[in-house]
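Take a look at the structure set out below.
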Amino acid sequence: MKKLVLAGVLSLVVLTGCGKKETITCKQTQTTNGITVDSVVNIDIESNHFKEINMVVDIELPDSYLSRKDSVIKQYERMYSNFEKQYGVKPVVSESDKGAKVEMKMTAEQAKKFSGSNNDKATRKDVINMFGTQGFDCK
């Protein structure tokens, strides 16, 4: 799941087009081995330029896995442990009633650093198409 969203971030910052100030919300739900991962990504675009991505990932564990919640949280913390040093982005991993939650905000500058691109242009259509190919439903 993480790879899909991050691939989307990489692709987004290299798209070109024009647009107005708006937020595009993309959602995806995946279930594997009883674990449900709900992802919501809000992409802000203003005057033809990508401005920010806000991502929230809710990981819901089945009752039989709830005793392992700490392990899941530690696993996600490890996955994102180098983001602050490398990209200036600090994902927040926290415990929820049914599992864990990951929240991350990435500015256009941070996304450009993450992707290695200097381009921050994007259109609504580009964003919807790009996240759509990743399995997200965007509005």
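The sequence shown lines up with residues 268 to 406 when you count with the working numbering. C-beta atoms are modelled at their ideal positions from N, C-alpha and C, and glycine is treated no differently.
#### Entry: Cα-Cα separation between Val308 and Ile320, rounded to whole angstroms
Straight-line Cα distance between these residues: approximately 7 Å.
### Query
Between Asp330, Gln401, His316, which lies nearest to Lys379 when the distance is taken from Cα to Cα?
His316
### Query
Where DSSP assigns a beta bridge to Asn309, which residues make up the other side?
Thr292, Asn321
### Query
How would you call Asp393, buried or exposed, if buried means at least 16 neighbouring beta carbons within 10 angstroms?
buried
### Query
From which residue to which residue does the alpha helix (DSSP H) around Ser338 run?
336 to 346
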